[in-house]
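Taking it in order: structure first as structure tokens, then the write-up.
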Amino acid sequence: MWRWVRQQLGFDSPHQSDTRTIYIANRFPQNGLYTPQKFIDNRIISSKYTVWNFVPKNLFEQFRRVANFYFLIIFLVQLMIDTPTSPITSGLPLFFVITVTAIKQGYEDWLRHNSDNEVNGAPVYVVRSGGLVKTRSKNIRVGDIVRIAKDEIFPADLVLLSSDRLDGSCHVTTASLDGETNLKTHVAVPETALLQTVANLDTLVAVIECQQPEADLYRFMGRMIITQQMEEIVRPLGPESLLLRGARLKNTKEIFGVAIYTGMETKMALNYKSKSQKRSAVEKSMNTFLIIYLIILILEAIISTILKYTWQAEEKWDEPWYNQKTEHQRNSSKVEYVFTDKTGTLTENEMHFRECSINGIKYREINGRLLLEGPTPDSSEGDLSYPSSLSHLNNLTHLTTSSSFRTSPENETELIKEHDLFFKAVSLCHTVQISGVQTDGIGDGPWQSNLAPSPLEYYASSPDEKALVEAAARIGVVFIGNSEETMEVKTLGKLERYKLLHILEFDSDRRRMSVIVQAPSGEKFLFAKGAESSILPKCIGGEIEKTRIHVDEFALKGLRTLCIAYRQLTSKEYEEINRCLFEARTALQQREEKLADAFQVVEKDLTLLGATAVEDRLQDKVRETIEALRMAGIKVWVLTGDKHETAVSVSLSCGHFHRTMNILELINQKSDSECAEQLRQLARRITEDHVIQHGLVVDGTSLSLALREHEKLFMEVCRNCSAVLCCRMAPLQKAKVIRLIKISPEKPITLAVGDGANDVSMIQEAHVGIGIMGKEGRQAARNSDYAIARFKFLSKLLFVHGHFYYIRIATLVQYFFYKNVCFITPQFLYQFYCLFSQQTLYDSVYLTLYNICFTSLPILIYSLLEQHIDPHVLQSKPTLYRDISKNHLLSIKTFLYWTILGFSHAFIFFFGSYFLIGKDISLLGNGQMFGNWTFGTLVFTVMVITVTVKMALETHFWTWINHLVTWGSIIFYFIFSLFYGGILWPFLGSQNMYFVFIQLLSSGSAWFAIILMVVMCLFLDIVKKVFDRQLHPTSTQKAQLTETNSGVKCLDSMCCFPEGETACASIGRMLERVIGRCSPTHVSRSWSASDPFYTNDRSILTLSTMDSSTC
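Throughout the sequence shown, residue numbering follows our numbering, covering 2 to 1112 in sequence.
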């Protein structure tokens, strides 16, 4: 316990070395010199609080907010200093907010505790003392051998020891970790794969040395030292041997694994650490306003204090002072830059094989047939050359007799061999998994097109791999699956088994992957595939130049390209490669660097076979969405890892680049000086060219040089470009680009949208992160601020919900400050008339309930329901987004207007009431005079009515709820005041307000004064609104007028009436709304079917479609 406390306080690190040593089944050496390492238990703790730290920790987090801290200071001042108001006045609202928030957070944490207890108490089976023992998940220790059955979830991070299969393999799905639903294959080392029973495992003597825990799901380095017959055998361990907590066992009866990381040290737990909070521009503005008002409040207090002691020092004020204590969302708006990934975000991430280049000859697949580039689908078979006619050989006898080969010229035979080797490379060089049952007749014809539907179903982490393997199967080279250490391929009706010797995994630095296999003939081949920039430089043979031209042509069509190459290995070369790879994979220090060096040695002297081209279709309405973003004044940057030609083609096809746009390029820069000179030339071209819009294309290498020494020059070029395309980008570079824009002098609001794990860094870096729940997993969605299903919904998120949110939150912030200026200023003015004796103007109950009851509900409902303009108009007119993009509703100008408005209203409240009853004139029929509390109550009554009606003037979207809370708040105030002042309440020690409100309302002069002051307060505000709309209307206000004049004639923006309906009928509809008979289910909005934008997506607030004929 003490060690754990020291670790939590930072005095004692839990791990003293970079590696950990794990004795399987906890069989420690018996020599007495070994001190076992200490590891944490297997408990998962996702909760935030405990019974002991809930109160202090929760209070600390809540009082970190400026508003809560401000009211805490006010409450403490009232406690320590003799004030005219009770501390309850400010303490009760603060206590209410803090208590409700604490209860909510406590309940959520209690749910997390229950979830933790359920997970930690789940039953598991471990191997102990030669048998299976049932225990709880939390009792698993590092080194325990755990048995997992089919469809069970792994309770800890395990190294696979054996399965029910002889090769020690198993299939798992990691959907709960990274969202990938495909099956992944994990394998055990050969020595432990044979230990399939508890009795056999009890004889295992082995030690695992591995790295300390880290969050990377795909990185693991270790080695297993197995002692057999007094001999030590060392086997490397990598990610293929590690079973992660949270993953699920599939298609395997049972497995045995040894726990190496437990509890909060598992990779799943390390990946669920909390992120740093993003502060919205609204919150920053509100904090600024709070500080300004705090300064105003301090100045008022200082002035009051100075005047108090000044007047007290004068001799004529020598009587005792009269001092009776308490005598009775966010950033989704205002976005200026959108950074988007391409694959899976703008495109479908559903790959379809389209074309290929084999040995310098280009082919395309049409209707399942591989044809030479050029002939149309209507061409007769006689017009095709021999290789293309292979797609029409539908009978096995065409090749089984081998007559075609015997009679074909020698070069045609070589051509067939090249085709065969090309598609075998495609069928073998991958990590695709297979599901289904193989039946006879699959792939029985070469280059087959009319095959029966295959029962095989492929699963792949990369959609490119799946598309290529499926294309090869359609053509006749069918990948059947893995069996032990072999890969089975059916070619020309013949089943061939290739022994899988090594897999050189794909990584973003090499941008290629390779496999080393042994053919049935005994020959050893290395097959490699990857980007042309990583494959072609490694090739020394094949049609390199022709293939390079074909790759560029594919890229210009917007197709994704991969190059295929091979190398035949001699026995001596393979032995050297095997030794090099073994040393690198068994290294515990700098394993990744050693593996990279080994891969460079292996992947060289390749012979180019050809290239493939797959199509990733654009998502629906991508072009319209990007055009809408541009019309809204938002600059769109596309950040992708694709090659230059492919990225430019897709940008043109999706509307990111226009055909008339001047495209500037910053690519293939080799040095800092060259990059700087190119940037200066681009800057001059932008200045000299007389075009409206420019587009910039920059690649990853040039970007690195530009960001290194020439950030300002690069930013100057980018700011003058309407669209920027960054290609060949690494994930970290995407985040750096966004960071560069964020810290620029303009401090723009940025938004990043992506769908894959490689987009997480830029999503977290941007002010607003949008994750698309696509085919690359859910990591992007999990790390985002908002998650959407398709890119097209981005326009709805920004233009509709973002617009509404900004209007609501901006008005809420300004209104809260306004109504509190109205509330506090009369109290300050009153001090001049009571010689700063701290006499309060309002009753303490009114002080407490003003913000809690009397004026809270109208603004609350406004901030939830307000729609100042029809949602369809907002989405069909993206230019309206410009009205909010510069944060003008929370600008200093608007802030000063609301502040001045609050002070002017407060002066009218106070001096209007003062002139009414300040003179010694009786306003009651019995001749009695109004007193001090009646004066304060009159001010308070005018104030409640005025601020409530002011909120009504700001409301555009009237529902029955708005009517209820607006007029209901005023009615509630009158009813409450009548009961509060009309009854002697026994639990109140003193009741200064007894009969005061009733006496006030009995005066006709008071009623006249109330109405007059309310009209005076709001008249100037109404006049200003009318003149602003007529003389300087914003685009939104123009759209509101256009909406009203073009058939959407609404007294509110929900219940509409068609052309020809009378005004009386419209008033009747409004009354129906007031009394609740206008149901939202019967609402129809007016628009025409000829609207230019999103004509099939009429329902903005739902995902359902709405035909215009229903309106």
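Just so it is clear, CB atoms sit at the ideal spot from N, CA and C, and this is done for glycine as well. What you are looking at is a predicted structure, and each value in this text was computed from that prediction instead of being measured.
Three-state secondary structure assigned by DSSP to residue i
{"i": "G107", "result": "helix"}
{"i": "A585", "result": "helix"}
{"i": "G770", "result": "strand"}
{"i": "Y50", "result": "coil"}
{"i": "I668", "result": "coil"}
{"i": "S838", "result": "coil"}
{"i": "I209", "result": "strand"}
{"i": "R70", "result": "Note that residue 70 is Phe in the sequence shown, not Arg. It is helical."}
{"i": "W959", "result": "coil"}
{"i": "F354", "result": "strand"}
{"i": "M944", "result": "helix"}
{"i": "T344", "result": "coil"}
{"i": "C430", "result": "coil"}
{"i": "V615", "result": "strand"}
{"i": "I999", "result": "helix"}
{"i": "L167", "result": "coil"}
C-beta atoms of residue i and residue j nearer than 8 Å
{"i": "T20", "j": "E210", "result": "yes"}
{"i": "F40", "j": "V125", "result": "no"}
{"i": "G1133", "j": "Y995", "result": "With the chain covering only 2 through 1112, there is no way to say anything about residue 1133."}
{"i": "S857", "j": "L813", "result": "no"}
{"i": "L515", "j": "V470", "result": "The sequence shown places Ser at residue 515, rather than the Leu named in the question. In this structure, V470 does not lie closer than 8 Å to S515 by Cβ."}
{"i": "F1", "j": "L77", "result": "Residue 1 lies beyond the residue range present for the chain, which begins at 2 and ends at 1112; the question has no answer from this structure."}
{"i": "V173", "j": "L271", "result": "no"}
{"i": "Y50", "j": "D110", "result": "yes"}
{"i": "T938", "j": "I89", "result": "no"}
{"i": "L563", "j": "T613", "result": "yes"}
{"i": "L218", "j": "H187", "result": "no"}
{"i": "R791", "j": "D621", "result": "yes"}
{"i": "S358", "j": "G611", "result": "yes"}
{"i": "I635", "j": "Y338", "result": "yes"}
Residue i classed as buried or exposed, judged by whether at least 16 other C-beta atoms fall within 10 angstroms
{"i": "H134", "result": "In the sequence under discussion, the amino acid at residue 134 is Val, which differs from the His named in the question. Counting Cβ neighbours within 10 Å, V134 comes out exposed, since fewer than 16 surround it."}
{"i": "I999", "result": "exposed"}
{"i": "Y108", "result": "exposed"}
{"i": "I750", "result": "buried"}
{"i": "D643", "result": "buried"}
{"i": "R709", "result": "exposed"}
{"i": "S91", "result": "buried"}
{"i": "I773", "result": "buried"}
{"i": "K748", "result": "exposed"}
{"i": "L861", "result": "exposed"}
{"i": "Q828", "result": "buried"}
{"i": "G122", "result": "exposed"}
{"i": "T1063", "result": "For T1063, the predicted model reports a pLDDT of 45, less than 50, meaning its position is unreliable; a value from the coordinates is still stated below. When all chains shown are included, T1063 counts as exposed."}
{"i": "F340", "result": "buried"}
{"i": "F715", "result": "buried"}
{"i": "Q832", "result": "buried"}
Per DSSP, the bridge partner or partners of residue i
{"i": "L663", "result": "For clarity, residue 663 is Asn in the given sequence; the question names Leu instead. Paired residue(s): H695."}
{"i": "Q229", "result": "E232"}
{"i": "D508", "result": "R513"}
{"i": "Y459", "result": "I435"}
{"i": "Y126", "result": "K135 and R148"}
{"i": "G258", "result": "V147 and L161"}
{"i": "C727", "result": "L640 and V699"}
Quiz prompt | Stretch-stretch touch, CB-based, cutoff 8 Å, three pairs: the stretch 700-708 with the stretch 721-735 | solution = yes
Practice problem: Report yes or no: do three or more beta-carbon pairs, one from the stretch 648-660 and one from the stretch 740-754, lie closer than 8 Å? | Solution: no
Practice problem: For the stretch 354-373 and the stretch 469-483, state whether three or more C-beta atom pairs, one from each stretch, are separated by less than 8 Å. | Solution: yes
Quiz item: Pairing CB atoms from the stretch 520-527 with CB atoms from the stretch 584-597, are three or more of them under 8 Å?
Solution: no
Practice problem: Could you say if the stretch 563-573 and the stretch 528-539 meet the contact criterion of at least three C-beta pairs nearer than 8 Å? | Solution: yes
Quiz item: Contact between the stretch 140-156 and the stretch 224-240: three or more CB pairs below 8 Å?
Solution: no
Quiz item: Any chance the stretch 836-848 sits against the stretch 947-964, with 3 or more Cβ pairs inside 8 Å?
Solution: no
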